[in-house]
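Here the structure comes first, spelled out in structure tokens, and everything after it is commentary.
Encoded structure:
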């Protein structure tokens, strides 16, 4: 589930992305506490610590650089700090690079540890914490925000996202209900549909959102957000042909939508179309999530490029851990299971991930890893969750039944 930045009455597609995921997409396995992080010192002076893209023609990159210089001279300029933090968050979502969350935090440093920071700081702090999967801390800020400023649509949406990712669907639905009169009926419907789909009731989500879209014309950004959500609901409901068409339509509208690109790639992988996956993601390998889909596709084809690409992704995981980040446990579990063929490692990662978040892919990878490891009882928490959620999506139901049979 995604948390875009909302303008006064619409949705900005520029910030839609993983959450990091989805992706992640981000608690227990989400982020090493600051006190426990060990600074990384390179062994040699010529070690490459990061590859920074050229910025000469990137207006937003130039703006970020100018803001950083201004704040370097005087850090307590609130308006500039809020603008820079927001731009960094947007860039992190677009690029899939979690280091931008750290840069956003640095911009907010004068207020970061304040018990009652300015509302704009509290909202962006919650957004950064959400991106790191520090969900309890994010919710503490969001709960305070909606108490203090009940008309803040962004706070309600971000709260719905965090609660939805955690599997607290009833509370997430309440936040969506509060959002609708503030951000518009379509934004409220997208929020509600996302929560329904996360709960495994994707056919209901599809019907609700289709009706909302049919009620009138909408802005392009808002429509793209809604169509991406509609595609995800269709995919989870088993209508793969409709989902593929919708995903392609969204990417035609917004080629930079990393979340939709990854979701479409997952659908194509499930449809055994690895060549189409490669064509979809090959030019987006700077994003770890897109690279994972490329690796999975290359492995499925048995291509000569698979080992090199897999080694590259493994090295990125290692570098992420050295930085104190562990934001991709779900993706690492998929890599361990389907690329490294290490069921024990995959199960451990999937279990740690389940402690933090309960989205459909979180349940799927734990069910798959438990089956591969031949320890179906390890997936018992997922089975209980699916039953309590009342899911009727065919994918998780079929996988859950396989786990139950293996347990007998």
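Residue numbers (this note's numbering): 3 to 410.
Built from N, CA and C at the ideal position, the CB exists for glycine as well.
*residue 40, DSSP secondary structure in three states*: Working through the chain shown from its first residue, we reach residue 40 at position 38. Summary for residue 40: the model assigns pLDDT 42, below 50, so the residue's position carries little reliability; its value from the coordinates is reported in the next sentence. DSSP places residue 40 in coil when its eight states are reduced to three.
*Between the Cα of residue 359 and those of 74, 166, 324 and 248, spot the shortest distance and give me the residue it belongs to.*
If you number the chain shown from 1, residue 359 lands on position 357. Selected option, being the one with the closest Cα: 166.
*Can you tell me whether DSSP reads residue 60 as helix, strand or coil?*
Indexing the chain shown from 1 puts residue 60 at position 58. Coil at residue 60, not helix or strand.
*With 16 as the cutoff for other CB atoms within 10 Å, does residue 389 come out buried or exposed?*
On the chain shown, position 387 is the one that residue 389 refers to. Around the beta carbon of residue 389, a 10 Å sphere encloses fewer than 16 other beta carbons of the protein chains shown; the residue is thus reported as exposed.
_beta strand (DSSP E) runs contained entirely in the region 310-394, provided each spans 3 or more residues_ = Unbroken beta strand (DSSP E) stretches of 3 residues or longer found wholly inside the region 310-394: none.
*asked:* Under 8 Å: do the region 128-136 and the region 78-94 share three or more Cβ pairs, one atom per stretch?
replied: At 8 Å Cβ cutoff, the stretches touch.
*Kindly confirm or deny that the region 371-385 and the region 143-163 touch, where touching means at least three C-beta pairs closer than 8 Å.*
They do not touch, by the three-pair rule.
_So, at 6 Å on beta carbons, what are the nonlocal neighbours of residue 401 in its own chain, with the 5 sequence-adjacent residues on each side left out?_
Within the chain shown, the letter at position 399 stands for residue 401. Excluding sequence neighbours, residue 401 sits near 369.
_In whole angstroms, give me the CA-to-CA distance for residue 266 and residue 72._
In the chain shown, residue 266 corresponds to position 264, counting from 1. In the chain shown, residue 72 corresponds to position 70, counting from 1. In a straight line, the C-alpha of residue 266 is about 40 Å away from that of residue 72.
*Rounded to whole angstroms, what's the CA-CA distance from residue 1 to residue 236? Just pull it up for me.*
The structure shown does not extend to residue 1, since the chain is modelled only from 3 to 410, so the question has no answer here.
*Counting Cβ pairs closer than 8 Å, one from the region 298-316 and one from the region 343-356, do we hit at least three?*
In this structure the region 298-316 does not touch the region 343-356; the number of beta carbon pairs closer than 8 Å is below three.
*Between residue 214 and residue 177, is the Cβ-Cβ spacing less than 8 Å?*
Here residue 214 refers to the residue found at position 212 of the chain shown. Here residue 177 refers to the residue found at position 175 of the chain shown. No.
*Note down, in chain order, each residue of its chain lying with its Cβ closer than 8 Å to the Cβ of residue 103, except the 5 sequence neighbours on either side.*
Working through the chain shown from its first residue, we reach residue 103 at position 101. Cβ within range, chain order: 90, 91, 94, 130, 133 and 134.
_Using a 10 Å radius around the Cβ and a threshold of 16 neighbouring Cβ atoms, would you call residue 320 buried or exposed?_
Against the chain shown, residue 320 aligns to sequence position 318. Classification for residue 320: exposed.
*Does the beta-carbon of residue 324 have 16 or more other beta-carbons within 10 angstroms, so that it is buried, or is it exposed?*
For the purposes of this step, residue 324 is taken as the residue at position 322 of the chain shown. So residue 324 counts as exposed.
*asked:* For residue 3, report the span of its alpha helix (DSSP H) as first-last.
replied: Position 1 of the chain shown, counting from 1, holds the residue named residue 3. Annotation for residue 3: no alpha helix (DSSP H) segment contains it, and DSSP assigns it neither H nor E.
*Is the beta carbon of residue 185 less than 8 Å from the beta carbon of residue 208?*
Here residue 185 corresponds to residue number 183 of the chain shown, with the count starting at 1. Here residue 208 corresponds to residue number 206 of the chain shown, with the count starting at 1. In this structure, residue 185 lies away from residue 208, with their beta-carbon atoms at least 8 Å apart.
_residue 234 burial status per 10 Å Cβ neighbour count (16 or more: buried)_ = Here residue 234 refers to the residue found at position 232 when the chain shown is read from its first residue. Buried is the call here.
_Looking at the secondary structure, which residues open and close the alpha helix (DSSP H) in which residue 219 lies?_
What you label residue 219 is simply residue 217 of the chain shown in a count that begins at 1. Premise fails: residue 219 is in no alpha helix (DSSP H) and is neither H nor E.
*Pairwise C-alpha distance: residue 75 and residue 340*: Within the chain shown, residue 340 is the residue found at index 338, counting from 1. Within the chain shown, residue 75 is the residue found at index 73, counting from 1. Whole-angstrom Cα-Cα distance: 49 Å.
*asked:* Restricting to Cα atoms, I'd like to know which of 337, 273, 303 and 255 is closest to residue 292.
replied: By one-based count along the chain shown, residue 292 stands at place 290. For the residues 337, 273, 303 and 255, the minimum Cα distance to residue 292 belongs to 337.
*DSSP three-state call for residue 114: helix, strand or coil?*
Here residue 114 is taken as the residue at index 112 of the chain shown, counted from 1. Correct three-state label for residue 114: coil.
_Residue range of the unbroken alpha helix (DSSP H) whose run includes residue 136_ = Walking along the chain shown from the start, residue 136 turns up at place 134. The continuous stretches of alpha helix (DSSP H) do not include residue 136, and DSSP gives it neither H nor E.
_Neighbour-count burial assignment, residue 392, 16 or more Cβ in a 10 Å radius_ = Reading the chain shown from its first residue, position 390 is the one you call residue 392. Residue environment for residue 392: exposed (fewer than 16 other C-beta atoms within 10 angstroms of its C-beta).
*residue 229 and residue 251 closer than 8 Å at C-beta*: Counted from its first residue, the chain shown places residue 229 at position 227. Counted from its first residue, the chain shown places residue 251 at position 249. Cβ atoms of residue 229 and residue 251: closer than 8 Å.
*From 139, 262 and 256, residue whose alpha carbon lies closest to that of residue 246*: For the purposes of this step, residue 246 is taken as the residue at position 244 of the chain shown. Distances from the CA of residue 246 to each of 139, 262 and 256 were compared; the closest alpha carbon is that of 262.
*CA nearest to the CA of residue 123, picked from 394, 289, 146 and 137*: Position 121 of the chain shown holds residue 123. Considering only alpha carbons, the answer is 146.
_As assigned by DSSP and simplified to three states, the class of residue 124_ = If you number the chain shown from 1, residue 124 lands on position 122. In this structure, residue 124 counts as helix in the three-state DSSP scheme.
_Ordered list of beta strand (DSSP E) runs contained in the region 251-321, each at least 3 residues_ = Runs found: none.
*Which residue from 197, 83, 302 and 285 puts its Cα closest to that of residue 277?*
The residue you call residue 277 lines up with position 275 of the chain shown. Nearest of 197, 83, 302 and 285 to residue 277, Cα basis: 302.
_Test item: CB-CB of residue 201 and residue 190 under 8 Å_ = For the purposes of this step, residue 201 is taken as residue 199 along the chain shown, with counting starting at 1. For the purposes of this step, residue 190 is taken as residue 188 along the chain shown, with counting starting at 1. Going by C-beta atoms, residue 201 is not nearer than 8 Å to residue 190.
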